[in-house]
Amino acid sequence: MEAGAESQVTTSESLLAPIVRHGDAAGLFFPWRLSRSRQRRTIRLPQWASHLLGLYALFRQMSSWNMAQWVGFLSRYQIARFVGGMLFLFPILKELKVAEIVDEYCPTKAKVKHGIAIAVLVLNRLTAPRPLYKVARWMAFTILPLVLGISARKFNDDRLGRALDAIEPHLQTIWLEIVIRAFEHYDIDLSVIFYDLTAFIMMGEYQDSELVSFGFAHNTPMNKRKVKLAGNAVQDGGILFAWAAFSGQTADTATVEENLEGLQRVLHRHEWPEGGVLVVGDRAMLNSRLAIVYDAQKERRLYYLGGLEPRANEHKSLLADVSMRELRANYLMGEIGHRYWGVKRPITFIYKNEKTGEEKKVTHTALVVFSEATHRSWRRKYIGQLRELSTQLQQEVKDRLNEPHWRTTKTIRRSVRARLNKSPVGKAMKVEVWGKRGDVKMRWGVDRKVLHEMCRLKGRYLLVTDHPDLSAVEMLETYKDKDKVEKSFRVAKGVLRVRPIYLHKDERIAAMLLVNMIALLVYSLAERRCRRNGLKITGRQMLYEFGPLHVIETRFKDGSVLYRSMPLTPHQQEILRRMGIEGKALLDSEGWTGNIASGRQFTVPPPRGQPWQWEAVGIV
-1 MEAGAESQVT TSESLLAPIV RHGDAAGLFF PWRLSRSRQR RTIRLPQWAS
49 HLLGLYALFR QMSSWNMAQW VGFLSRYQIA RFVGGMLFLF PILKELKVAE
99 IVDEYCPTKA KVKHGIAIAV LVLNRLTAPR PLYKVARWMA FTILPLVLGI
149 SARKFNDDRL GRALDAIEPH LQTIWLEIVI RAFEHYDIDL SVIFYDLTAF
199 IMMGEYQDSE LVSFGFAHNT PMNKRKVKLA GNAVQDGGIL FAWAAFSGQT
249 ADTATVEENL EGLQRVLHRH EWPEGGVLVV GDRAMLNSRL AIVYDAQKER
299 RLYYLGGLEP RANEHKSLLA DVSMRELRAN YLMGEIGHRY WGVKRPITFI
349 YKNEKTGEEK KVTHTALVVF SEATHRSWRR KYIGQLRELS TQLQQEVKDR
399 LNEPHWRTTK TIRRSVRARL NKSPVGKAMK VEVWGKRGDV KMRWGVDRKV
449 LHEMCRLKGR YLLVTDHPDL SAVEMLETYK DKDKVEKSFR VAKGVLRVRP
499 IYLHKDERIA AMLLVNMIAL LVYSLAERRC RRNGLKITGR QMLYEFGPLH
549 VIETRFKDGS VLYRSMPLTP HQQEILRRMG IEGKALLDSE GWTGNIASGR
599 QFTVPPPRGQ PWQWEAVGIV
């Protein structure tokens, strides 16, 4: 045991030796530490005297401060709250009573009403469009929590999703009420309506969806799932007021009858225009069957005007039989290089029902239109293709004449024929091949008669209507104005970014489309309001102009809050003046009013001892 103990002690000391060794000395382990600490002796002043000296030094320093240092000393922090286009968009939402209409059909006992949630989503689509994700974070740094008096935390993704679920059973009813309100408040003319379809590409599988599916749509890939949106826009301002969502595989012609029924529901709620309603569509919205359907609406003073793709032999002959001399004698409109000529002709549609065998026949009015610009465009295109074909014949055929495998006229003619058949202008090129084996020659040239015949019908198209009083000029002018609904679709896809890729339920997709259509309605009304008052500006430019506008929130150490707006630029003031918003208050709190629209900075101190009570002031 003793031997083992000694070995253990020896081992421990040998291990500790390289680190520290205190030897056999007795006493403290660290001899350099004093047994009594020597404390520095200082003059101790009373506590009140120390405070007085500190205040005196602070006052001496503050005597040279500027205003910025004073504000920094008194304030705790500052927040820049986004206002932007909400300055003129929020009053339009109040005029349309969007929140009130939604709450009427979707009541709830929750603190955040469904109407307020939908209004917030609309403003989000207009100012900072994003998927249904972290909208509350965006809202926290806007002026909306102050205007609405509700914390941004209440508008989380789940709450907004529940609002979409709540409005889904009442989509068309809510939309109809909002549209009728817009018609009455803004005195919108409904005499001319443009109808068209567009498609929104969706990302994801959507295996159980009846709305999202593959199908054909112009300017969209066939291998992508899509949702089709049918929209009706009035000529007065291009405002999209009636819409419906269809499956991606729905054909355009299959939507016409349902659209006419929806239009009648809207028009019966509003005063029917005295001269009737003219529905304008493109060539995809008219065929023999639909001409019969349109004709049945004439008794209700619902007429149509549309382009016609001539597929029947009678319609092709109608387009081709009008001579150029007759067309040139009937000038319609346009300047040199962009002139239009046209001749009216009666056109007959015959449709036979395959199930019943019943045959129907109607006669309407067709306008054969000749467009100078379109005709020249096609001619230039053909000439360019002929030059490409000539270069191809030179490089691929003539330069290889009399080479191995290119020594007989039969081989050369077969090669030339293959290239002519492949080219869209091959029939307008005359090629001659002759010579003996090993001495083959060829030449080619343009057949001007064939080229003239190819170009003769280019630039011609048919417009058809059943309206009894439309002149040729009115038909053409109205049809050329149909791009207004296409502009609305471009705004929806561009500015609003309508593409709910994170929504995988058909119900929420349809509800989100309603939110976007309300946003598009507000956008169009703001644009129309400026243009009718003499300021030609687009809604996109308006949103861009107001993009930098913020309200600075300053919180002080005593708990008070100061709100100060950025000064408005002259252009911003001009926009507000044309819209009739100049001089109106955005915020109002117990008599403390800030005039944000006048271009002056404003402060809104809270009444002492009273909480904030914010409310938006409507624009009349």
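Residue numbers (our numbering): -1 to 618.
Even for Gly, the Cβ is constructed at its ideal location relative to N, Cα and C.
Predicted, not measured: the structure shown is a model, and the values here were computed from it.
Using DSSP with H/G/I as helix, E/B as strand and the rest coil, what is residue 564?
Here residue 564 sits in coil by DSSP.
Output the residue ranges of the alpha helix (DSSP H) runs that lie fully inside the region 391 to 463 and measure 4 residues or longer, sorted by chain position.
If we require 4 residues or more, the alpha helix (DSSP H) runs fully inside the region 391 to 463 come out as 407 to 420 and 446 to 454.
Would DSSP call residue 49 helix, strand or coil?
Note: residue 49 maps to helix in three-state DSSP.
How about residue 579 and residue 227: are their beta carbons less than 9 angstroms apart?
Contact flag unset, no.
Residues in the same chain with beta-carbon distance under 6 angstroms from residue 332, minus the five sequence neighbours each way, listed in chain order, please.
338.
Relative to the alpha-carbon of residue 413, which residue among 426, 431, 423 and 422 has its alpha-carbon at the smallest distance?
Ranking 426, 431, 423 and 422 by Cα distance to residue 413 puts 431 first.
Within 10 angstroms of its Cβ, does residue 522 collect 16 or more other Cβ (buried), or is it exposed?
Looking at its Cβ environment, which holds 16 or more other Cβ atoms inside 10 Å, residue 522 is buried.
Name the residue from 176, 198 and 110 whose alpha carbon lies nearest to the alpha carbon of residue 159.
Per the Cα distances, 110.
Residues in the same chain with beta-carbon distance under 6 angstroms from residue 152, minus the five sequence neighbours each way, listed in chain order, please.
Around residue 152: 110.
Could you name the residues of the same chain whose beta carbon sits closer than 7 angstroms to that of residue 273, not counting the 5 residues immediately before and after it, in chain order?
Only 189 meet the Cβ criterion.
Relative to the C-alpha of residue 363, which candidate in 461, 437 and 535 has its C-alpha closest?
Measuring from the Cα of residue 363, the nearest candidate turns out to be 461.
Could you name the residues of the same chain whose beta carbon sits closer than 7 angstroms to that of residue 162, not counting the 5 residues immediately before and after it, in chain order?
506, 509 and 510.
Determine the direct distance from the alpha carbon of residue 99 to that of residue 514, and round the result to whole angstroms.
Straight-line Cα distance between these residues: approximately 16 angstroms.
Whole angstroms are fine: how far does the CA of residue 107 sit from the CA of residue 686?
As shown, the chain starts at -1 and ends at 618. That puts residue 686 outside it, with no answer to give.
How would you write the range of the alpha helix (DSSP H) that residue 554 sits in, first residue to last?
No alpha helix (DSSP H) holds residue 554; the beta strand (DSSP E) holding it covers 548 to 554.
Expressed to the nearest angstrom, what Euclidean distance is found between the alpha-carbon atoms of residue 445 and residue 451?
The straight-line gap from Cα to Cα measures roughly 10 angstroms.
Rounded to whole angstroms, how far is the Cβ of residue 576 from the Cβ of residue 533, which I believe are closer than 8 angstroms?
Contact flag correct, Cβ pair sits at about 4 angstroms.
Inspect the CB distances between the region 382 to 397 and the region 418 to 431 and report whether three or more fall short of 8 angstroms.
In short, these stretches touch, since the Cβ pair count reaches three.
Are the beta-carbon atoms of residue 185 and residue 296 separated by less than 9 angstroms?
Against a cut-off of 9 angstroms, the Cβ pair of residue 296 and residue 185 comes out as no contact.
Please list, in chain order, all residues of the same chain as residue 285 whose beta carbon is under 7 angstroms from its beta carbon, the five residues on each side excluded.
Counting only Cβ-Cβ distances below 7 angstroms, and skipping sequence neighbours, we find 251.
Tell me which same chain residues have a C-beta within less than 8 angstroms of the C-beta of residue 328, skipping the five on either side of it?
So the list reads 339, 340, 341 and 470, once near-sequence residues are dropped.
In this structure, how does DSSP classify residue 310 when only helix, strand and coil are distinguished?
Coil at residue 310, not helix or strand.
Within 10 angstroms of its Cβ, does residue 334 collect 16 or more other Cβ (buried), or is it exposed?
So residue 334 ends up on the exposed side.
Looking at residue 291 and the ligand SAH, is the gap between the Cβ and the nearest heavy atom below 8 angstroms?
The ligand SAH is absent from the structure shown, which contains no ligand whatsoever.
Which residues in the same chain as residue 183 place their Cβ atom closer than 7 angstroms to its Cβ, once the five residues preceding and following it in sequence are excluded?
Answer for residue 183: 93, listed in chain order.
Out of 122, 320 and 90, point me to the one whose CA is closest to residue 454's CA.
Residue 320 is the option with its Cα nearest to residue 454.
Need the endpoints of the alpha helix (DSSP H) that residue 117 sits in, please.
Its alpha helix (DSSP H) spans residues 112 to 125.
Just to confirm, is the Cβ distance from residue 516 to residue 270 under 9 angstroms?
Not a contact, by the Cβ cut-off of 9 angstroms.
Could you check what DSSP says for residue 336 in three-state terms: helix, strand or coil?
Residue 336 falls in the coil class under three-state DSSP.
Look up residue 74 in the DSSP assignment and say whether it is helix, strand or coil.
Looking at residue 74 - three-state DSSP - the assignment turns out to be strand.
Hey, which unbroken runs of the beta strand (DSSP E) at 3 residues or more fall wholly within the region 227 to 270?
As far as the region 227 to 270 is concerned, its whole beta strand (DSSP E) runs of at least 3 residues are 238 to 245.
Starting from the C-beta of residue 409, find all residues in its chain whose C-beta is less than 8 angstroms away, skip the five residues before and the five after it, and write them out in chain order.
Counting only Cβ-Cβ distances below 8 angstroms, and skipping sequence neighbours, we find 403.
So, with DSSP's three-state summary, where would you put residue 343?
Strand at residue 343.
Leaving aside the five residues before and after residue 169 along the sequence, list all residues of the same chain whose C-beta is less than 7 angstroms from its C-beta, in chain order.
These residues qualify, in order along the chain: 508, 509 and 512.
From which residue to which residue does the alpha helix (DSSP H) around residue 364 run?
Looking at the DSSP string, residue 364 is not in any alpha helix (DSSP H); the run it does join, the beta strand (DSSP E), is 357 to 369.
If you draw a straight line from the C-alpha of residue 590 to the C-alpha of residue 564, how long is it?
Low local confidence applies: a pLDDT of 30 at residue 590 is under 50, so the model's placement there is unreliable, and no value is given.
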